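What follows is a set of notes on a single structure, which appears directly below.
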Amino acid sequence: MTMKVWITAGLAASTLLAACGAMPDARYRDPFYRPTYGPPVANPSPGGGPAPDQAEMACVAAGHDAGFDVERVVGTRELMGPQATATSRDVMLRVRRGGQSLEVRCNYAYDTGQARIMTL
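All the letters of the sequence shown, read from the start, carry residue numbers 0 to 119 under numbering that gives the first Met the number 0.
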């Protein structure tokens with residue numbers, strides 16, 4: 000074969016292989032199959048902290064003790080310590096004091112069972 004034929008065959012093979020890269024893979028044709036990407040997500044352990052209601056009630060009581068008129072709980076989030084264990088819960092409270100409405104953060108520690116108003 001001549002050099003021209005080898006070059007043409009090589010270019011044709013490269014073009015065909017490059018074009019096949021955009022074709023969908025036929026292995027996952029099942030309509031119910033959904034591939035997952037990234038590391039597996041662990042479900043929260045059932046042995047986490049106490050129920051959120053316990054932290055919310057303690058923070059509402061701490062707000063009343065600090066002299067606030069607590070209107071409602073705005074939100075909560077659990078804080079994780081080392082080894083991804085729950086150590087405390089932050090509770091955001093909407094409070095009223097002296098005719099002014101504001102949000103304060105309360106931290107409920109699981110180990111001591113105490114709620115502390117963090118933002119004044």
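Each residue gets a CB set at the ideal place from its N, CA and C atoms; glycine is no exception.
What you are looking at is a predicted structure, and each value in this text was computed from that prediction instead of being measured.
Item checked: Coil, strand or helix - Gly-74 by DSSP -> Residue numbering aside, residue 74 sits at position 75 when the sequence shown is read from its first letter. Gly-74 falls in the strand class under three-state DSSP.
Margin query: Between which two residues does the beta strand (DSSP E) holding Gln-99 run?
Written below: Stepping through the sequence shown from its first residue, residue 99 is reached at position 100. Residues 99-108.
Check: How big is the Cα-Cα spacing for Arg-88 and Ser-13?
Finding: Walking along the sequence shown from the start, residue 88 turns up at place 89. Walking along the sequence shown from the start, residue 13 turns up at place 14. For Arg-88 and Ser-13, the distance between alpha carbons rounds to 59 Å.
Notebook entry, point to check: In whole angstroms, what separates the C-alpha of Arg-96 from that of Val-59?
Noted result: Here residue 96 refers to the residue found at position 97 of the sequence shown. Here residue 59 refers to the residue found at position 60 of the sequence shown. So the alpha carbons of these two residues sit roughly 14 Å apart.
Check: By DSSP, does Met-91 sit in helix, in strand, or in coil?
Finding: For the purposes of this step, residue 91 is taken as residue 92 along the sequence shown, with counting starting at 1. Looking at Met-91 - three-state DSSP - the assignment turns out to be strand.
Next item on the list: Starting from Ala-54, follow the alpha helix (DSSP H) in both directions and report where the run begins and ends.
Entry: Here residue 54 refers to the residue found at position 55 when the sequence shown is read from its first residue. Per DSSP, Ala-54 belongs to the alpha helix (DSSP H) from 51-64.
Note to self: Comparing C-alpha positions only, which one of Ala-57, Val-72, Tyr-109 and Ile-116 sits nearest to Met-79?
What the structure shows: Within the sequence shown, the letter at position 80 stands for residue 79. Checking every option, the nearest Cα to that of Met-79 belongs to Tyr-109.
Next item on the list: Within its chain, find whatever has a CB closer than 6 Å to the CB of Arg-71; leave out the 5 residues flanking it on each side and keep chain order.
Entry: The count along the sequence shown starts at 1 and reaches residue 71 at position 72. Same-chain partners within the cutoff: Arg-93.
Item checked: Where Ala-41 falls: helix, strand or coil (DSSP) -> As a working note, residue 41 is residue 42 in the sequence shown. Annotation note: pLDDT 49 at Ala-41 (below 50); position unreliable, coordinate value reported separately. Coil, per DSSP.
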